[in-house]
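Presented below is the structure to which this report refers.
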Amino acid sequence: MNQWQQSFAKRVDALRETAVKKFEHLADEVLAGAYEEYAAFTAQHELHPSAPQPQSGTRFYKFALSEDAYVLLFFRARGLDAVECEYECSVPGKGCTNSDKVSTPVAEATRAWVERRFQTALDDLVNQVAAASADENVPELVAV
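Its first residue numbered 606, the sequence shown is counted upward by one per residue in our numbering.
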């Protein structure tokens with residue numbers, strides 16, 4: 606690389622680091638609190654919430670009705686100033702289903718936006734498991 610390319614690459618890397626720092630701030634200030642609230646609520650209704658070890662720029666959350674019926678949510682830093690939320694459901698007899706992916710600028714990733722992401726994913730899980738349970742050919746849920 607020539608001098609300009611090295612300088613340019615360093616500046617782009619600095620921008621990416623800043624974006625990850627913004628996401629980490631969002632994760633500490635908004636995501637963590639929202640997850641704790643939904644974890645406590647869903648645990649009262651016999652779901653098993655968990656949050657694997659965080660990775661830089663990414664957070665994962667799992668809510669399980671059973672071993673084979675759960676939703677995984679992923680929140681990630683995207684680009685230079687966005688956060689993305691994606692989830693996928695695992696449903697007995699169907700495996701992992703298509704996921705939903707939504708992005709928003711970090712500045713617009715408010716507590717209300719985060720809560721809507723949790724609610725949408727949890728609603729989808731319950732709706733898909735209920736639909737699958739209505740099908741007589743689907744195996745029973747396996748305990749967690």
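A virtual CB, placed ideally from N, CA and C, is assigned to each residue, including glycine.
Since we're looking at a predicted model, the values are computed, not measured.
Asked: Pro697 versus Ser708: straight-line alpha-carbon distance, rounded; Found: 29 Å
Asked: Alpha helix (DSSP H) segment containing His630, residue limits; Found: Gln608 to Leu631
Asked: Ser738, DSSP secondary structure in three states; Found: helix
Asked: Classification of Cys694 by the beta-carbon crowding that lies within 10 angstroms, buried from 16 upward; Found: buried
Asked: Among Phe646, Ala674, Arg683 and Asp705, nearest to Lys699 - alpha-carbon criterion; Found: Ala674
Asked: Phe723 classed as buried or exposed, judged by whether at least 16 other C-beta atoms fall within 10 angstroms; Found: buried
Asked: Identity of the residues DSSP links to His653 by a beta bridge; Found: Ala669
Asked: Cβ shell of Glu629 (< 6 Å), same chain only, five flanking positions each side left out; Found: none
Asked: Beta-bridge pairing of Tyr675 - partner residues as DSSP gives them; Found: Ala669 and Ser695
Asked: Touch test, the segment 627 to 644 against the segment 656 to 675, Cβ-Cβ under 8 Å, three pairs minimum; Found: yes
Asked: Counterpart residues of Arg721 in DSSP-defined beta bridges; Found: According to DSSP, which records beta bridges pairwise, Arg721 is partnered with nothing at all.
Asked: Rounded straight-line distance, which links the Cα of Gln658 to that of Glu642; Found: 18 Å
Asked: Limits of the beta strand (DSSP E) - the one that Thr709 falls within; Found: Asp705 to Pro710
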